[in-house]
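The listed protein sequences derive, respectively, from chains W and A. With the numbering used here applied, the first sequence corresponds to residues 784 to 1348, in that order. With the numbering used here applied, the second sequence corresponds to residues 784 to 1348, in that order.
2 protein chains.
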Amino acid sequence: MVVMSTRSTQQSAEGRPEPVGHGSDFLQLDIRDVPDDGKADWLAARLRQAIADGRVAVGSRLPPTRILAAELRLSRGVVTEAYRRLAEDGQVEGRRRGGTVVVAAPFTATGPAARPLPSPAPTERARKAVLPPARQEPPAPLTDDPHDGRPLTDLPRPAQAAWPAEATRAAHFAPPPSPAPPTTTPTPFSSAPTPAVFDALRATPATADFTPGRPDLAAFPRAAWLRAERAVLGGLSAEHLGYGDPRGAPALRRAVAGWVARNRGVRVAPDEVLIVSGTAQALTLLHPVLRAEGLDAVAVEDPGSLGSRQHLQAGGLATPAVPVDEDGVRVDALRATGARAVLLTPAHQFPTGVVTSGERRRELLAWAREGGLILEDDYDAEHRYDRPPVPALRGLLADQVCYLGSVSKLLAPALRIGWMVPPPRHRVPLTDAKRFADLGNAVLPQLVLARLMDSGELERHLRTVRRRHRGRRDAMITALAAHLPGAVVHGASAGLHLTVTYDADVPDTDLAAAALARGVKCHPLSWHRQVPGRPGLVLGYAGSPPGVIAEGVAALGEALRELTR
Amino acid sequence: MVVMSTRSTQQSAEGRPEPVGHGSDFLQLDIRDVPDDGKADWLAARLRQAIADGRVAVGSRLPPTRILAAELRLSRGVVTEAYRRLAEDGQVEGRRRGGTVVVAAPFTATGPAARPLPSPAPTERARKAVLPPARQEPPAPLTDDPHDGRPLTDLPRPAQAAWPAEATRAAHFAPPPSPAPPTTTPTPFSSAPTPAVFDALRATPATADFTPGRPDLAAFPRAAWLRAERAVLGGLSAEHLGYGDPRGAPALRRAVAGWVARNRGVRVAPDEVLIVSGTAQALTLLHPVLRAEGLDAVAVEDPGSLGSRQHLQAGGLATPAVPVDEDGVRVDALRATGARAVLLTPAHQFPTGVVTSGERRRELLAWAREGGLILEDDYDAEHRYDRPPVPALRGLLADQVCYLGSVSKLLAPALRIGWMVPPPRHRVPLTDAKRFADLGNAVLPQLVLARLMDSGELERHLRTVRRRHRGRRDAMITALAAHLPGAVVHGASAGLHLTVTYDADVPDTDLAAAALARGVKCHPLSWHRQVPGRPGLVLGYAGSPPGVIAEGVAALGEALRELTR
Chain W
784 MVVMSTRSTQ QSAEGRPEPV GHGSDFLQLD IRDVPDDGKA DWLAARLRQA IADGRVAVGS
844 RLPPTRILAA ELRLSRGVVT EAYRRLAEDG QVEGRRRGGT VVVAAPFTAT GPAARPLPSP
904 APTERARKAV LPPARQEPPA PLTDDPHDGR PLTDLPRPAQ AAWPAEATRA AHFAPPPSPA
964 PPTTTPTPFS SAPTPAVFDA LRATPATADF TPGRPDLAAF PRAAWLRAER AVLGGLSAEH
1024 LGYGDPRGAP ALRRAVAGWV ARNRGVRVAP DEVLIVSGTA QALTLLHPVL RAEGLDAVAV
1084 EDPGSLGSRQ HLQAGGLATP AVPVDEDGVR VDALRATGAR AVLLTPAHQF PTGVVTSGER
1144 RRELLAWARE GGLILEDDYD AEHRYDRPPV PALRGLLADQ VCYLGSVSKL LAPALRIGWM
1204 VPPPRHRVPL TDAKRFADLG NAVLPQLVLA RLMDSGELER HLRTVRRRHR GRRDAMITAL
1264 AAHLPGAVVH GASAGLHLTV TYDADVPDTD LAAAALARGV KCHPLSWHRQ VPGRPGLVLG
1324 YAGSPPGVIA EGVAALGEAL RELTR
Chain A
784 MVVMSTRSTQ QSAEGRPEPV GHGSDFLQLD IRDVPDDGKA DWLAARLRQA IADGRVAVGS
844 RLPPTRILAA ELRLSRGVVT EAYRRLAEDG QVEGRRRGGT VVVAAPFTAT GPAARPLPSP
904 APTERARKAV LPPARQEPPA PLTDDPHDGR PLTDLPRPAQ AAWPAEATRA AHFAPPPSPA
964 PPTTTPTPFS SAPTPAVFDA LRATPATADF TPGRPDLAAF PRAAWLRAER AVLGGLSAEH
1024 LGYGDPRGAP ALRRAVAGWV ARNRGVRVAP DEVLIVSGTA QALTLLHPVL RAEGLDAVAV
1084 EDPGSLGSRQ HLQAGGLATP AVPVDEDGVR VDALRATGAR AVLLTPAHQF PTGVVTSGER
1144 RRELLAWARE GGLILEDDYD AEHRYDRPPV PALRGLLADQ VCYLGSVSKL LAPALRIGWM
1204 VPPPRHRVPL TDAKRFADLG NAVLPQLVLA RLMDSGELER HLRTVRRRHR GRRDAMITAL
1264 AAHLPGAVVH GASAGLHLTV TYDADVPDTD LAAAALARGV KCHPLSWHRQ VPGRPGLVLG
1324 YAGSPPGVIA EGVAALGEAL RELTR
């Protein structure tokens, strides 16, 4: 057995990674420190800290639960519970046959411990890196048992998960033929982001598009959609083609009620569901409703979605910032803003990927019970790879939580279909708002979607893309380890994007502009901040094949090296 | 030759109607009154007056132009021009082989001349009616030449245009088995109409649905739609499925630019087109734009669309009423309101059907050139039966006219697709408004619609439904003549609805409620008025087969007789 090293995994004789350590050796855990009560809490806290300060690197495997339990004289259930909590946080993932692997560092309010700036020479820098260099950090092997190292040869390895041979890598990661020209024309990153900045970024051509917020659109189930549309058109009465219920087609409201019950733990009647044109519209519809309750501010997470903030501000609402730490939004800071409403992404915080901890959820619900209103943006909760689902808050406190969901991340943003499950008192005013907005969503796509939800095809689609997204997520983590070795990856256990932060003294807007000049699109993390913090990038991986991810991330690395020179 | 009678057409020996009169006999026109200049104006004015005061009844044929020209010693072109103006007004229609037939009385600010209240016994009342009783008013015969009475036997007669034999009529128009119960539960008509009133009406079951504003939805081109959707899905790049241009898919903006140029005389670049979710959304998007120009009021036509007025008022805009007369909205009254913007339906006024006259168009444009803003709601301009198209105002004054169109009347309201061609200075603020509203319309239906427009399939569809709508329009006029003989029909030369006014001392909301109790849905005219006026009903005919129209109108007649008893 190998004793863990602080910053990287070790190779076994067979070239497969061994667990980073186990038993009492692991992290110098002392059995005398184990408390009588809250053992799982204690262990989870120790593990979180070790991941946060880099003692356990991203890519490492945790010891098998059986072994750690034995060494610490804990029941195996306690260790499993601690691992489960880290998985819920998005920091580790239980790969079915690959053990429990660290996939992301927690996002802390103060940022991770300072790290040395990347040194100019990548080869040298790689040795010091938090993310171990590529050839020392192959992906976790596929094994029969999560906590056993035996290889399993009959399972396919994830696409692009293995490192290419040196020659292939050279071809992949070849630097651009000439140094990128200095960015002389204004880029979307030249000034403070306006609402039109997303249009400008979209209109710029790129070879690697890491814009966050989009699923794998090439996987859109065209054949299933067309089949469902044919069935819908065949069975449609003329009545359906007239002006409809502004709240949405009854068939889709029924289907969504079933969907959120099955997938999000929210049990509602179809009449409680309002169909809208996505979360953007939901926020706009809420303006008059919030004003009618005397609210002129909606607190937002910081970091938090720039787009959502813009949509609230467009309605004249203030958006006080509430910091996010490794447990989620800080409720003490929320109270301090005095805001009576808050927009949250509790299941997978945008952009940090933090999963709101149980304790924080309880604090949030207490705040809401005292009269606070939670707008729960459940934007990508269905996309999780390595952890159990986190039920939506709406299921716990119907009167003070307005739930927002959409197909933008499930199927495609271009469908412009979403849903709200508002508190009962908001149903009528929101129906009026929707009526005045557009008299209700288009009917045909609603009925097609209802069919896909009812038939199970949407869940089937989700399973397919989840597998593919996961492979791309892995490819991006791998590429980041190679090309941005000083960066810290956050929030990769779910969703369609991850966030990297870095220590280099380079504004992330400059880095994003330099990346765009090299044909790589992404969001600078500072776009999604109101309060300045560590620079970083928000990188969507779901839409790009692994080869594009590898080349795009290589270009990001080039851009950062260029700027730090 | 037959000398015209004042109130009805005469039967020829063959049972076909003869022209109502001709030459100097006709309307006692005196050749000595013909002015040296403006002969067509003079003749058109005389004809309008005769139709307005009932001297020439709806259903009558005007004399052949050749004959009237000869008798009045006018050139035939002058008479043709006068007829053309009446056709533009929607008062007469040139049936290709059926001569020029009066199809609607003009809508005047003061209402048509008072008529006797319908007497309780339909048979007796019918003799006195403005609309001649059924057996004396068969439809105009099909002839080779518009102004020649020779029958043409090889052309099909319009469906339901011929009067059924007495026995058939009895079956069709049988009174309900028992008198309708008194309306004890509240109906959508019990109180002043709220925004939710349309939902309430929609939710009420009915056997004849004459709700205005819907085309023949059973004719929706499902096969063509599905074919186009298959082609779109087959050729779609993944890029199209992401977040798109909030102004709409470029393909549809190009197609709409072509459409409005071909069909509405509006020549614009695709970049000047903004795709929206129908006119309702267009009005809502305009709120902030109008406010930014310091406008807090949008004048509206009276009568005018209740729904549009509600959408303006929901944005906090005042909606001063401007009366509509037989030339369109009264520009002197518009000036008197002091409003700097007006919402108009110039091509086919809702609900009166008035076509804005040339003189009134010039006055309106003069008002706009002085700084007035015209919101041109071109809601059903493509549906015309008997008159040449009236070009949209937007084509004449781009800077002061915001054009609004949609597929709600072309295809189906449930598609929720419309377009705006705003003045250039409003393009950017409207794009922002659309972005904040919903980030742009759904893409798939936009691309499908673009394909239907580009391929000519939409125009083909329009020709098909136009034929069908026309037959239903004829069926409704026929039924109204039989069952509401005291009523005056307005605005039947275009669109999907007609308006009837009546003199009986029965509030139209009571009549609509009594009709609903008999299973017939329609809008009371008073819903669409801010200033009280003659009672009436707005009756959509496009969605109902002729048999349903006949039975529904019979029930309306029953209801009115019941209430006047």
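We put the beta carbon where it would ideally sit given N, CA and C, even for glycine. Keep in mind it's a predicted model, so treat the numbers as computed, not measured.
For Pro971/W, no chain A residue has a Cβ inside 8 Å of its Cβ, as the nearest lies near 14 Å away. Sequence-ordered contacts of the stretch 1220–1235 of chain A with chain W read Ala1220, Asp1221, Leu1222, Gly1223, Asn1224, Ala1225, Val1226, Leu1227 and Pro1228 [C-beta pairs closer than 8 Å]. What Glu1012/A touches in chain W, judged by beta-carbon distance under 8 Å, is Leu1009 and Glu1012, going in chain order. For the stretch 1113–1134 of chain W, the set of residues with a beta-carbon nearer than 9 Å to any beta-carbon of chain A is empty. Listed in chain order, the beta strand (DSSP E) runs fully inside the stretch 1239–1291 of chain A are 1271–1273 and 1280–1284, counting runs of at least 3 residues. Residues of chain A with a Cβ closer than 7 Å to the Cβ of Ser1088/W do not exist; the shortest Cβ-Cβ separation is about 13 Å. Nearest to Thr1102/A by C-alpha distance, out of Arg867/A, Arg1312/A and Ala1262/A, is Arg1312/A. The criterion of a C-beta distance shorter than 8 Å is satisfied by Thr1120/W and Ala1082/W.
When only Cα atoms are considered, Phe993/W and Asn1224/A end up about 23 Å apart.
Residue Ile1332/W holds the alpha-carbon nearest to the alpha-carbon of Cys1305/W among Arg831/W, Ile1332/W and Gly1111/W.
For Thr1067/W, the closest Cβ of chain A is nearer than 8 Å. Residue environment analysis places Ser974/W among the exposed positions, since fewer than 16 neighbouring C-beta atoms fall within 10 angstroms of its C-beta. Here Thr883/A is buried, its C-beta having at least 16 other C-beta atoms within 10 Å.
CA-to-CA, the gap between Ser1327/A and Asp1215/A works out to about 40 Å.
The criterion of a C-beta distance shorter than 8 Å is satisfied by Val1283/W and Gly1319/W.
Counting along the chain, Gly1335/A sits inside the alpha helix (DSSP H) bounded by residues Pro1329 to Thr1347. According to the DSSP assignment, Ala1021/W belongs to no alpha helix (DSSP H), since it is labelled neither H nor E. Residue pairing by DSSP places Ala1195/W opposite no residue, since no beta bridge is assigned to it.
Counting the other CB atoms within 10 Å of its CB gives Ala1006/A a total below 16, which places it among the exposed residues.
Taking C-beta atoms under 8 Å as the contact rule, Ala1149/A and Glu1159/A fail to qualify, at a distance of about 16 Å. DSSP places Thr1214/A in the helix class (H, G or I) of the three-state scheme. Asp1293/W is the residue among Ala1337/W, Asp1293/W and Ala991/W whose C-alpha sits nearest the C-alpha of Pro971/W.
Contact of Gln1064/W with chain A is assigned, a C-beta pair being separated by under 8 Å. Residue state for Val980/W is assigned as helix, using DSSP reduced to three classes.
Chain A places a beta carbon closer than 8 Å to that of Asp1215/W, counting this residue as a contact. Relative to Pro1307/A, the option among Val1137/A, Ile1058/A and Gly1087/A whose CA is nearest is Gly1087/A. When CB distances to chain A are screened at a threshold of 8 Å, the residues of the stretch 1019–1050 of chain W falling below it are Leu1019, Ala1021, Glu1022, His1023, Leu1024, Gly1025, Tyr1026, Gly1027, Asp1028 and Pro1029, in chain order. Taking every protein chain shown into account, the CB of Ile814/A has fewer than 16 other CB atoms within 10 angstroms, so this residue is exposed. With respect to chain W, the C-beta atom of Asp1160/A has no partner C-beta closer than 8 Å. In the DSSP assignment, Gly1090/A falls within the alpha helix (DSSP H) that extends over Leu1089 to Ala1097. DSSP places Gly1141/A within a helical segment (H, G or I) once states are collapsed to three. Just so you know, the alpha carbons of Pro1129/W and Arg1113/W end up roughly 12 Å apart. Residues of chain W with a Cβ closer than 7 Å to the Cβ of His1094/A are, in chain order, Phe1219.
Considering only beta carbons, the part of the stretch 987–1000 of chain W lying closer than 7 Å to chain A consists of Arg997 and Leu1000, in chain order. Chain-ordered listing is empty here: chain W has no CB closer than 8 Å to the CB of Ser858/A, the nearest sitting near 49 Å. In chain W, no part has a C-beta under 7 Å from the C-beta of Pro818/A; the shortest such distance is about 49 Å.
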